[in-house]
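Numbering (my numbering), first residue to last: -18 to 184.
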């Protein structure tokens, strides 16, 4: 066989192999579809099962605007004076005045004004209390104790809970405590209800 015949033979073989490969790529493949049950609500990774949060009332929005004006002034005195104007407002469970309590916290490194600003920038939840709606920050603080258990939360909520209260807070929740972190609430009629950082049984 001559040199040109050998080259021609290799060329034909290469074309044949290429053609087979192309046919394999173009050939339809059988697909298998599996049907699985939908994951329970608490395993949804991004809160898909969460219900829509009710809108704030105009009265609640007005209270938030007043609080933000106080926050901008960075005044413990103004914050305590506004709290004192709210019927039944709670800042602590030790019986201290709002101003004394918040002054003490600021001296220990917890700035009530800055933390309140952080809270109001977070999502809120709602709870029905005595026939009225309470708006609660952060949203996780609005959950009942059973619903707050880490196993009942979705992945995003569990990550936020750990960020907000840490391992010690999660341990408290597992032991049956309500939300143990900093939290605040405003009623639908605009009353500022509480702004606390501890549980009642800690005092």
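Glycine included, each C-beta is placed from N, C-alpha and C at the ideal position. A quick note: this is a predicted structure, and the numbers were derived from the prediction, not measured.
### Query
Alpha carbon to alpha carbon, how far is residue 53 from residue 43?
The sequence position of residue 53 within the chain shown is 72, counting from 1. The sequence position of residue 43 within the chain shown is 62, counting from 1. Taking the straight line joining both Cα atoms gives about 15 Å.
#### Entry: residue 134, buried or exposed, once every other Cβ within 10 Å from all chains shown has been counted against 16
For this step, residue 134 is matched to residue 153 along the chain shown. Looking at its Cβ environment, which holds 16 or more other Cβ atoms inside 10 Å, residue 134 is buried.
### Query
Between the C-alpha atoms of residue 140 and residue 159, what's the straight-line distance to the nearest angstrom?
Mapped onto the chain shown, residue 140 falls at position 159. Mapped onto the chain shown, residue 159 falls at position 178. Residue 140 and residue 159: Cα-Cα distance of roughly 17 Å.
### Query
In terms of alpha-carbon separation, which member of 40, 122, 95 lies closest to residue 179?
Here residue 179 refers to the residue found at position 198 when the chain shown is read from its first residue. Checked all of 40, 122, 95; the closest Cα to residue 179 is 122.
### Query
Are the CB atoms of residue 118 and residue 88 nearer to each other than 8 Å?
Taking the chain shown and counting its residues from 1, the one referred to as residue 118 is at position 137. Taking the chain shown and counting its residues from 1, the one referred to as residue 88 is at position 107. Not closer than 8 Å, so no.
### Task
Leaving aside the five residues before and after residue 187 along the sequence, list all residues of the same chain whose C-beta is less than 6 Å from its C-beta, in chain order.
Because the chain here runs from -18 to 184, residue 187 falls outside it and cannot be looked at.
### Message
My output table needs one value for residue 146: the three-state DSSP class, helix, strand or coil.
### Response
Here residue 146 is taken as the residue at index 165 of the chain shown, counted from 1. Residue state, collapsed to three classes: helix.
### Message
Can you give me the C-alpha to C-alpha distance between residue 64 and residue 173, rounded to a whole angstrom?
### Response
What you label residue 64 is simply residue 83 of the chain shown in a count that begins at 1. What you label residue 173 is simply residue 192 of the chain shown in a count that begins at 1. The alpha-carbon atoms of residue 64 and residue 173 are separated by roughly 7 Å.
### Opening and closing residue of the beta strand (DSSP E) in which residue 113 lies
Numbered from 1 along the chain shown, position 132 holds the residue referred to as residue 113. Residues 113 to 118.
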